[in-house]
Each structure stands twice: as structure tokens, then as C-alpha cells.
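S.K.:
2 protein chains.
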Amino acid sequence: MHTLLDCLPCFLAQARMVAKTAGISSETEERMVRRTLSHLANADYRVPSPHIAERLYPLFYEELGDSDPYRLRKQQDNELACALAKTLEPKWKTSSQPLRALVNLALAANVIDYGVGNAFDLERTIDHVMSQQALVDHIDAFEARLADCRKILYLADNAGEIAFDRELIVHGLGARRVTLVVRGGPIINDVTRKDADQVGLSALVPVIDTGVAVPGVAWERSSREFRNAFEQADLIVSKGQGNFETLEHLHDPRIFFVFMIKCRAVSCLSGYPVHTGVAAFGDRFFLTPSHRS
Amino acid sequence: MHTLLDCLPCFLAQARMVAKTAGISSETEERMVRRTLSHLANADYRVPSPHIAERLYPLFYEELGDSDPYRLRKQQDNELACALAKTLEPKWKTSSQPLRALVNLALAANVIDYGVGNAFDLERTIDHVMSQQALVDHIDAFEARLADCRKILYLADNAGEIAFDRELIVHGLGARRVTLVVRGGPIINDVTRKDADQVGLSALVPVIDTGVAVPGVAWERSSREFRNAFEQADLIVSKGQGNFETLEHLHDPRIFFVFMIKCRAVSCLSGYPVHTGVAAFGDRFFLTPSHRS
Numbered sequence: 023m024h025t026l027l028d029c030l031p032c033f034l035a036q037a038r039m040v041a042k043t044a045g046i047s048s049e050t051e052e053r054m055v056r057r058t059l060s061h062l063a064n065a066d067y068r069v070p071s072p073h074i075a076e077r078l079y080p081l082f083y084e085e086l087g088d089s090d091p092y093r094l095r096k097q098q099d100n101e102l103a104c105a106l107a108k109t110l111e112p113k114w115k116t117s118s119q120p121l122r123a124l125v126n127l128a129l130a131a132n133v134i135d136y137g138v139g140n141a142f143d144l145e146r147t148i149d150h151v152m153s154q155q156a157l158v159d160h161i162d163a164f165e166a167r168l169a170d171c172r173k174i175l176y177l178a179d180n181a182g183e184i185a186f187d188r189e190l191i192v193h194g195l196g197a198r199r200v201t202l203v204v205r206g207g208p209i210i211n212d213v214t215r216k217d218a219d220q221v222g223l224s225a226l227v228p229v230i231d232t233g234v235a236v237p238g239v240a241w242e243r244s245s246r247e248f249r250n251a252f253e254q255a256d257l258i259v260s261k262g263q264g265n266f267e268t269l270e271h272l273h274d275p276r277i278f279f280v281f282m283i284k285c286r287a288v289s290c291l292s293g294y295p296v297h298t299g300v301a302a303f304g305d306r307f308f309l310t311p312s313h314r315s
Numbered sequence: 023m024h025t026l027l028d029c030l031p032c033f034l035a036q037a038r039m040v041a042k043t044a045g046i047s048s049e050t051e052e053r054m055v056r057r058t059l060s061h062l063a064n065a066d067y068r069v070p071s072p073h074i075a076e077r078l079y080p081l082f083y084e085e086l087g088d089s090d091p092y093r094l095r096k097q098q099d100n101e102l103a104c105a106l107a108k109t110l111e112p113k114w115k116t117s118s119q120p121l122r123a124l125v126n127l128a129l130a131a132n133v134i135d136y137g138v139g140n141a142f143d144l145e146r147t148i149d150h151v152m153s154q155q156a157l158v159d160h161i162d163a164f165e166a167r168l169a170d171c172r173k174i175l176y177l178a179d180n181a182g183e184i185a186f187d188r189e190l191i192v193h194g195l196g197a198r199r200v201t202l203v204v205r206g207g208p209i210i211n212d213v214t215r216k217d218a219d220q221v222g223l224s225a226l227v228p229v230i231d232t233g234v235a236v237p238g239v240a241w242e243r244s245s246r247e248f249r250n251a252f253e254q255a256d257l258i259v260s261k262g263q264g265n266f267e268t269l270e271h272l273h274d275p276r277i278f279f280v281f282m283i284k285c286r287a288v289s290c291l292s293g294y295p296v297h298t299g300v301a302a303f304g305d306r307f308f309l310t311p312s313h314r315s
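Respectively, the protein sequence lines represent chains A and B.
Numbered according to the working numbering, the first sequence spans residues 23 to 315.
Numbered according to the working numbering, the second sequence spans residues 23 to 315.
#1: Reducing DSSP to helix, strand and coil, say where V221 (chain A) ends up.
#2: Can you round the beta-carbon distance between F81 (chain B) and R56 (chain B) to whole angstroms, since I take them to be within the 8 Å contact cut?
#3: At 3 residues or longer, what runs of the beta strand (DSSP E) sit wholly inside the stretch 142 to 209 of chain B?
#4: At a CB-CB cut-off below 7 Å, which residues of chain A make contact with P31 (chain B)?
#5: Are the stretch 65 to 85 of chain A and the stretch 229 to 245 of chain A in contact at 8 Å, needing three or more beta carbon pairs?
#6: Between R95 (chain A) and T43 (chain A), how many whole angstroms is the CB-CB distance? I'm expecting something under 8 Å.
#7: Would you kindly check if the distance between the Cβ of I184 (chain A) and the Cβ of L124 (chain A) is under 8 Å?
#8: Is there at least one Cβ from chain B nearer than 8 Å to V55 (chain A)'s Cβ?
#9: What residues in its chain sit with their C-beta under 8 Å from that of L226 (chain A), if we drop five residues either side in the sequence?
#10: Work out the CA separation of A107 (chain B) and T268 (chain A) for me, nearest whole Å.
#11: Taking Cβ positions only, does S60 (chain A) come closer than 8 Å to chain B?
#12: Do three or more CB pairs link the stretch 154 to 166 of chain A to the stretch 97 to 117 of chain A at distances below 8 Å?
#13: Rounding to the nearest angstrom, what Cα-Cα distance links Q220 (chain B) and N100 (chain B) in this structure?
#14: Using 10 angstroms around the beta-carbon of E242 (chain B), count the other beta-carbons present and answer buried if the total reaches 16, otherwise exposed.
#15: Looking only at its chain, what residues have a beta carbon closer than 8 Å to the beta carbon of I209 (chain A), apart from the 5 residues adjacent to it on each side?
#16: Under 9 Å Cβ-Cβ, which residues of chain B neighbour R77 (chain A)?
#17: Determine the direct distance from the alpha carbon of C171 (chain A) to that of D256 (chain A), and round the result to whole angstroms.
#18: Using the Cα positions of H24 (chain A) and H271 (chain A), report the straight-line distance between them to the nearest angstrom.
#19: Would P72 (chain B) be called buried (16 or more neighbouring beta carbons within 10 Å of its own) or exposed?
#20: Decide yes or no for the touch test of the stretch 35 to 55 of chain A against the stretch 46 to 55 of chain B: beta carbon pairs closer than 8 Å, at least 3 of them.
#21: To the nearest angstrom, how far is it from the Cα of G299 (chain A) to the Cα of N126 (chain A)?
#22: Enumerate in chain order the residues of its own chain whose CB-to-CB distance from P294 (chain B) is below 6 Å, with the five nearest sequence positions on each side excluded.
#23: Does the Cβ of G207 (chain A) have 16 or more other Cβ atoms within 10 Å, making it buried, or fewer, making it exposed?
#24: What does R38 (chain A) touch in chain B if you count any residue whose Cβ is under 8 Å from its own?
#25: Does DSSP put S260 (chain B) in a helix, in a strand, or in coil?
#26: Taking the alpha-carbon of R146 (chain A) as reference, which of A:E247, A:Y67 and A:A130 has the nearest alpha-carbon?
#27: Does A63 (chain B) have its Cβ less than 8 Å from a Cβ in chain A?
#28: Mind listing the chain A neighbours of E51 (chain B)? Cutoff is C-beta to C-beta under 9 Å, in chain order.
#29: Might you give, ordered along the chain, the residues of its own chain that have their beta carbon closer than 7 Å to the beta carbon of R38 (chain B), omitting 5 neighbours on each side?
#30: Using alpha carbons as the reference points, say which of B:H273, B:F303, B:R286 and B:I230 lies closest to V280 (chain B).
#31: Can you tell which of A:I148, A:N250, A:A156 and A:A181 has the C-alpha that lies nearest to the C-alpha of R205 (chain A)?
#32: Confirm, please, whether the CB-CB distance from L175 (chain B) to V320 (chain B) is below 8 Å.
#33: In angstroms with no decimal places, state the Cα-to-Cα distance between V229 (chain B) and T201 (chain B).
#34: With I161 (chain A) and R122 (chain A) assumed to form a contact (beta carbons below 8 Å), what rounded beta-carbon distance in angstroms separates them?
#35: Please list the terminal residues of the continuous beta strand (DSSP E) segment that includes M282 (chain B).
#36: In chain order, which alpha helix (DSSP H) runs of at least 4 residues are fully inside the stretch 86 to 129 of chain A?
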């Protein structure tokens with residue numbers, strides 16, 4: 023999907039959130055904001071917003087003198103989420119529909135996102151999502167597809183969240199047929215190989231990266247390894263809004279999107295309100311006319 | 023007060039609101055937004071935000087080919103507010119404290135503001151404000167000061183609102199000693215001479231303008247007439263947030279500020295939450311340390 027004018031204030035908020043996380047001076051923060059404004063004034067809005075983020079974050083990192091300001095936060099989120107995932111095991115183990123429970127847990131964990139600039143409360147969101155389940159729910163169809171599926175590509179999204187992806191991969195999908203995809207480099211709190219290592223996924227499944235540090239997919243500039251894996255997959259699990267924003271236009275029936283709608287832009291595109299949980303195939307769930315066909 | 027980084031998204035929202043009001047194409051809207059971003063990237067944030075608005079709105083008007091896109095809206099607001107003010111006469115006429123009622127009505131009417139980009143409901147706000155009265159209330163002190171006061175300068179703010187200013191001026195202050203100040207030219211929905219004419223104030227009190235189209239006061243660039251009137255006044259009633267933002271630094275004990283706190287920036291400066299009604303002298307009402315001295 024294109025970047026909307028609605029997305030622009032979010033980038034300003036992101037600049038300020040990075041500045042706050044890095045604890046820098048107000049002078050540096052102002053410089054980051056001015057560079058954001060200047061960049062956005064001339065950016066191409068026909069690309070998905072993660073592609074604009076790809077260009078913006080390096081400007082922030084240059085000002086900070088740090089190419090991974092969320093490093094520590096990501097480590098902590100991974101630790102916390104691993105511990106939390108352990109305590110939540112009974113949720114899916116005792117469920118009459120364990121796969122649905124695992125998908126919903128992984129969906130709830132998608133609330134861990136520093137890109138949208140909002141505070142989040144993982145435990146509360148998990149309680150909330152688990153009680154409501156995904157509001158756009160194709161999980162039965164997903165389960166049916168799993169039966170005769172050999173190669174699953176799992177596009178991970180954020181640190182922390184990945185601990186719940188691990189649960190879904192190991193206990194819901196079957197680790198033997200899964201390849202995990204992480205970002206090509208640090209951007210926001212998105213997962214890299216380091217995070218897959220930290221939550222123990224690297225020991226269980228092959229991990230490849232997209233080759234680019236984009237909080238989503240940039241198909242044309244991706245590594246050959248990722249493109250091959252994508253083409254050969256029977257089923258693709260796409261976690262998070264950034265992956266959705268950069269893949270929805272493909273209308274690829276192999277893609278199962280799992281994410282929380284976090285902003286007005288995606289809400290307008292999909293026709294569902296912000297905070298809707300989505301666990302659904304391709305474009306079959308959109309309410310808006312352009313996608314209903 | 024300075025322009026804060028918090029103020030920047032508001033300018034983007036204003037560009038889009040002007041575009042929406044003018045009903046222009048999405049291409050022109052995008053161009054307006056890009057020019058806003060570009061202007062803000064290089065603007066001087068040490069000036070109050072109304073001074074930034076002063077530079078921005080002409081860029082919008084240039085794109086629209088219209089130097090007063092709120093013209094019609096202002097006329098309608100004046101008409102509606104005149105009619106509403108008439109029906110609300112019993113509110114202050116039957117009040118045990120008519121001056122307080124008139125100030126509160128004029129304060130409630132300050133909700134009519136297209137600069138902050140929010141929807142408003144004048145009748146509901148009036149009900150609300152009249153029931154609560156100003157939350158920062160120096161109206162007794164104001165009434166005492168009125169007793170021995172010969173020259174009152176009344177800085178008006180927005181169209182529509184000015185119908186309630188008229189009630190306060192005529193029935194609360196005494197029109198004979200009041201001079202009304204309007205903006206030097208159209209900007210947002212701020213009052214110009216045309217609005218003072220429309221609500222019948224020009225026939226009752228002398229009307230002068232600041233000489234500049236700023237949604238507030240730009241002292242250094244103001245007309246000599248305004249500056250003289252300002253210096254000679256015993257009491258200055260300053261309506262609206264824009265006037266507050268551009269005058270608060272004077273710490274002038276003659277200024278009685280009447281406005282609704284409409285944004286986080288002014289909320290942070292004053293220490294009061296957004297939506298607080300203020301009818302108070304100079305800097306005596308601030309909760310924040312820098313202003314408490």
C-alpha cells in the first residue's frame with residue numbers, strides 16, 4: 023500500500039521516540055525532527071511506508087551515532103516475552119483449539135512495536151486478544167491448509183513478539199518445515215538474526231534474512247536467498263503491519279497475514295477499525311470496495 | 023512562548039484542514055503538505071507558533087488561489103453565533119453574577135477555532151463551560167479592576183466567537199471605554215474588520231487592526247495605532263490561545279487572558295490539562311515552576 027498523508031505525523035513521532043529511547047539532547051532531537059521534515063517533503067509517497075522508514079532511520083542513527091538504539095530494549099523484550107510465553111503455555115495446551123490459541127497469542131504479541139509510537143501493555147493485550155480471539159479469523163482455513171503443506175516461510179516482525187512466534191512455529195506449525203525470515207539489518211525494534219538466536223529459534227529452524235534493513239519486505243532489493251524461499255513456499259505466514267503494508271498488493275493466496283491494525287492508514291485501507299486483530303488470508307478479509315473484488 | 027516540536031503535527035493537520043475546507047484535489051493537498059514539511063524543516067522554532075502560521079497560511083492560499091478560504095465558514099459562524107448569543111441572553115441576565123456569566127460565555131465560544139484542527143460543538147461546549155465556569159478563574163479580580171478603568175483594549179480572536187465578545191463588551195465592560203482589535207488580514211478563521219462589521223461591533227466601539235495577518239500578536243511588526251492603543255490601555259482582554267501564545271512572555275499585569283487550553287504545548291507550559299477554561303490575569307495562574315515565581 024502507498025504511504026498516505028496520514029502516515030506523515032507518525033514518522034515525526036517515530037523520530038521523537040527514537041530520540042527519547044536514546045536519551046539524547048533536545049538539540050539533537052530537534053535536528054532529527056528537522057531532517058525528518060526535510061526528507062518527507064521530498065519523499066516518494068507511492069511506496070509503502072516501511073520503505074520510507076528504511077530511508078529515515080539511518081538519518082536518525084547518524085545523528086545518534088548509534089545504528090541500533092533499540093538494542094537493549096529488544097534484548098529485554100525478548101527476555102520478558104520468553105518468560106511470559108512460558109507462563110502462558112497452559113493457555114494453548116489446555117485449549118480445545120490449540121492452533122487458534124497459538125495464533126492468537128502470536129497476534130497479541132504483535133502489539134510490541136516501537137514504529138507506531140504508542141505505549142503498549144503486552145500482558146493486558148494478550149488477555150484481551152485471547153478473550154476475543156482474532157476479529158478477522160481465517161484460522162480454520164489456515165489449519166486446513168497446514169495439513170498438506172511442505173514448506174512454510176515465516177516472516178517475523180518484532181523483538182519480543184518473536185518468542186510467541188517460536189511457540190506457534192514449534193507447537194502449531196511443526197518446526198521441520200518452517201524457514202524463518204528476519205530483517206537484513208537493525209531497524210526500529212524489528213527482528214534480526216540476533217533475536218532469532220536469543221529466543222532459541224536459530225537452533226530449531228533455518229533462519230534467512232531479507233538482505234535489506236526494511237521494516238517489511240522490499241522485494242526488488244531483497245537477497246536471492248529470500249526471493250527463492252518466498253517463491254518455493256507453499257504457505258507464508260506474514261507477521262505484523264509492516265509486512266502487510268509491503269505484501270498486500272501481491273494478492274498472493276499463500277500469504278496468511280497475522281497482525282494488529284495499528285493505525286488509521288491501514289484501518290482505512292482494510293475497512294476495519296484500529297486495534298482489530300487480523301489472522302487472515304491474502305486480501306479476502308478486506309471490507310473496502312477496492313479489495314472486495 | 024516558543025514553538026515546540028509538539029506543534030509540528032498540528033501544522034500538518036492545519037494544511038489538510040484548509041485543503042478539506044477548500045474542497046481541492048488530492049494533488050493540491052499533497053503539494054500543500056509537502057510545502058508545509060519543507061517550510062517547517064527550516065522554520066525558526068524560537069518564535070510563537072502563530073508566527074509560524076503567519077508564514078505557512080500564505081503558502082496554502084497560494085496553492086488554493088484563494089486568500090481567505092474560511093470566508094464563507096466565518097460568515098456562517100458569525101450568523102449562527104449571533105442567533106445563539108440572543109437565545110442565551112437569559113443565561114447572564116438572570117445570573118446572580120452577570121459578569122462571570124458573560125466572561126464564561128465568551129470563553130466557551132473560544133472553542134470555535136480551525137487552527138487546532140478539531141471538531142467542536144459550540145452549544146455543548148457552552149453548556150459545559152457554563153456549568154463548570156472557568157477553571158482558572160480570576161473574574162472577581164477582573165471585576166474589581168473594571169471599576170476604576172478608563173481604557174480597555176479587547177483583542178478578539180475568531181469569527182463566531184466575536185458575537186459573544188460583543189455581549190461581554192456591551193453588557194459587561196461598557197462599550198464606551200472599549201477599543202476592539204482585529205487581525206490585519208484574513209488568516210485561518212481569525213476576525214478581521216469584516217467580522218466586527220457583521221456582528222455589529224463596528225457600530226458600537228472603535229475597531230483597529232494589528233496591521234499584520236498573524237493569528238496572535240506580532241509586536242515588532244504591528245501598526246503604530248495598535249501599539250499606541252496597547253500602551254495606553256488600563257486593561258487588556260486577550261481572547262484565545264494565539265493571543266496568549268504571543269503575549270504571555272510579557273508578564274503584563276494589565277492582560278486578562280480568556281481562552282480554552284486547546285493543545286498539549288500550552289497545557290505543558292501552563293501546567294493545566296487540555297480543555298481547561300482560563301479567565302485569568304497575566305502569569306499568575308501558571309502551575310509550572312518557570313511561571314510560578
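Heads up, the beta-carbon is just placed ideally off N, CA and C, and yes, glycines get one too.
M.R.: The relevant details are as follows:
#1: If DSSP states are grouped into helix, strand and coil, V221 (chain A) belongs with coil.
#2: One point to set straight first is that residue 81 (chain B) is Leu, not Phe, in the sequence displayed. A Cβ-Cβ distance of about 10 Å is found for the pair L81 (chain B) and R56 (chain B), leaving them out of contact under the 8 Å criterion.
#3: Fully enclosed beta strand (DSSP E) runs of 3 or longer: 174 to 177 and 200 to 204.
#4: Result: P31 and L34.
#5: As far as the Cβ criterion goes, the stretch 65 to 85 of chain A touches the stretch 229 to 245 of chain A, which means the pair count is three or higher.
#6: Indeed, because the Cβ distance is near 7 Å, the residues count as touching under 8 Å.
#7: Cβ atoms of L124 (chain A) and I184 (chain A): not closer than 8 Å.
#8: It does: the Cβ of V55 (chain A) has a partner Cβ on chain B nearer than 8 Å.
#9: Residues of the same chain with a CB within less than 8 Å of the CB of L226 (chain A), apart from the 5 flanking positions on each side, are R188, I191, V192 and A197 in chain order.
#10: About 53 Å.
#11: Answer yes: the Cβ-Cβ gap between S60 (chain A) and chain B drops below 8 Å somewhere.
#12: In short, these stretches do not touch, since the Cβ pair count stays below three.
#13: Taking the Cα positions, Q220 (chain B) is about 7 Å away from N100 (chain B).
#14: Classification for E242 (chain B): exposed.
#15: A distance below 8 Å between beta-carbons, with the five flanking residues on each side excluded, links I209 (chain A) to the following residues of its chain, in chain order: A75, E76, Y79, A235, V236 and P237.
#16: By Cβ distance, chain B contributes nothing, its closest Cβ being about 14 Å from R77 (chain A), past 9 Å.
#17: Spanning the two alpha carbons is a distance of roughly 6 Å.
#18: When only Cα atoms are considered, H24 (chain A) and H271 (chain A) end up about 10 Å apart.
#19: P72 (chain B) is buried by the Cβ-count criterion.
#20: Inter-segment contact for the stretch 35 to 55 of chain A and the stretch 46 to 55 of chain B is absent: fewer than three beta-carbon pairs are separated by less than 8 Å.
#21: Each residue's Cα considered, the two are about 9 Å apart.
#22: The sequence given here places Tyr at residue 294 (chain B); Pro does not occur at that position. If we look at Y294 (chain B) and ignore the five residues flanking it on each side, its Cβ neighbours are I283.
#23: It counts as buried.
#24: By Cβ distance, chain B contributes L27.
#25: Strand at S260 (chain B).
#26: If we check each option's Cα against that of R146 (chain A), A:A130 comes out closest.
#27: At least one chain A Cβ lies under 8 Å of A63 (chain B).
#28: One finds L27 in chain A with Cβ atoms closer than 9 Å to the Cβ of E51 (chain B), taken in chain order.
#29: The answer, listed in chain order, is E51 and V55.
#30: Nearest option by C-alpha distance: B:F303.
#31: Among A:I148, A:N250, A:A156 and A:A181, the Cα nearest to that of R205 (chain A) is on A:A181.
#32: Given that chain B is displayed from residue 23 to residue 315, the structure contains no residue 320 (chain B) and the question cannot be resolved.
#33: Their backbone Cα atoms lie some 6 Å apart in a straight line.
#34: Confirmed, Cβ separation roughly 5 Å.
#35: M282 (chain B) -> beta strand (DSSP E) spans I277 to M282.
#36: Fully enclosed alpha helix (DSSP H) runs of 4 or longer: 93 to 109 and 111 to 115.
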